[in-house]
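Below is one structure, written out as structure tokens; comments come after it.
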Amino acid sequence: MKKIALVILLLVLIGGSVAYYFYNKKPAQVEDIKSEAITATSLVKAFEENEAAANKKYLNKVMDVSGTVQEISQNQDGQMVIILASEDNPLAGVQCTMRESIANIKTGDQLTIKGFCNGFVMTVILSDCIQTK
């Protein structure tokens, strides 16, 4: 009987330790993840030509996207949003929600932004973005 109680106690301790580890695990930071470099035009084109294939290749991956700033705004949460232009389609682009605002950025600037690709809804959407160059 003591052996069964000891085994159960060990299983509870191991289970509790695993649960504690996963509960306190910090989310992945975009800076720490290897990224794939691509231009805004190429990324938009990939989604427009075959969204399913582009989702398989880019969805939930960290991307280093370079392009020309088309628009700068803020979302409803007060976060800076930068849209990188697609040279092939003026109505589409890459919408980058920045983790922190960047000073001295203006329309027409060339930027490289690193962030998580969240898919395509009229624009390619990147979140948790940082400026890399």
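Numbering of the sequence shown is given in the numbering used here, commencing with residue 8 and proceeding in unit increments.
Virtual Cβ for every residue (Gly too), placed ideally from N, Cα, C.
It should be emphasised that the depicted structure is a prediction, and the values quoted were computed from it without experimental measurement.
Host alpha helix (DSSP H) of residue i (start-end)
i: Glu-56; result: 47 to 56
i: Ala-12; result: 9 to 31
Sub-8 Å separation of residue i and residue j beta-carbons
i: Thr-130; j: Gln-86; result: no
i: Arg-106; j: Asp-135; result: yes
i: Ala-47; j: Ala-92; result: yes
i: Ile-45; j: Val-88; result: no
i: Thr-139; j: Ile-112; result: no
For residue i, the nearest candidate out of the options (CA to CA)
i: Ala-43; options: Leu-18, Phe-127 and Met-70; result: The question names Ala, yet the displayed sequence has Glu at residue 43. If we check each option's Cα against that of Glu-43, Met-70 comes out closest.
i: Gln-117; options: Pro-97, Phe-29 and Thr-75; result: Thr-75
i: Gly-126; options: Glu-94, Lys-64 and Leu-18; result: Lys-64
Rounded Cβ spacing between residue i and residue j (contact assumed at less than 8 Å)
i: Val-37; j: Gly-122; result: 6 Å
i: Ile-90; j: Gln-77; result: 5 Å
Worksheet entry | Every unbroken beta strand (DSSP E) within the segment 76 to 132, with a cutoff of 3 residues, ordered by chain | 87 to 92, 100 to 105 and 117 to 128
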